[in-house]
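The sequence shown runs 9 to 149 under our numbering.
For every residue, glycine included, the Cβ atom is placed at its ideal position computed from N, Cα and C.
As the structure is a prediction and not an experimental result, all values here were calculated from the model.
Here is the structure we will look at.
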Amino acid sequence: MLKSLGITVTLLFVFVPTVVLSETGDIILEDKPSLTSTIQRDPFYRVLEQYGLTDADRVRLATDFELRDFKLIGLVWDVASPIAIFRGPKKKRYILKVGDKIGRQGGVIVKIRQGQLYIQEAFVDINGNRMERSIIKRVES
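Written out as structure tokens, the structure reads:
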């Protein structure tokens with residue numbers, strides 16, 4: 009078994025019966041070794057690392073779209089570093105944590121709890137006043 013870049017390659021030698029015609033015209037059944045392989049992606053390997061993307065790249069990608077374009081599809085909250093899993097435009101997944109930015113309005117994830125996520129957005133209203141709003145997103149099914 010070989011492991012590299014989060015991919016597991018398993019090589020198996022199996023003996024496959026092969027029909028061979030001898031020089032005298034006799035039919036011979038031989039067991040010849042055959043190499044088969046299976047390739048599986050490690051689901052716990054960070055894809056961002058595989059492509060050389062940093063955490064800054066990950067967060068930048070989450071600020072390219074409006075907050076309403078993101079659907080909260082999962083939370084991991086009862087751990088040292090809770091995470092939120094979003095489905096964004098074009099069905100791409102974004103895995104973010106507390107302190108990460110999301111959306112074009114500069115929203116910041118401030119809290120992750122069971123079943124919901126809290127985002128703080130600072131924006132300028134039509135009169136030029138600096139405003140803040142809290143947004144609660146719940147896991148959608």
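- Judged by beta-carbon spacing, G111 lies within the 8 Å limit of E74, meaning their Cβ atoms are closer than that value.
- Burial check for G123: the Cβ neighbour count within 10 Å stays below 16, so the residue is exposed.
- Around the beta carbon of I120, 16 or more other beta carbons lie within 10 angstroms, which makes this residue buried.
- In the displayed model, A88 falls within coil according to three-state DSSP, outside both helix and strand.
- Apart from the 5 residues on each side of it in sequence, K105 sits with its Cβ closer than 8 Å to the Cβ of S89, P90, I91, A92, I117 and I120 in its chain, given in chain order.
- Q128 is the residue among R95, Q128 and M139 whose C-alpha sits nearest the C-alpha of K109.
- In the structure shown, R112 falls within a coil segment according to DSSP collapsed to helix, strand and coil.
- Looking at the DSSP output, V132 sits in a beta bridge with R138.
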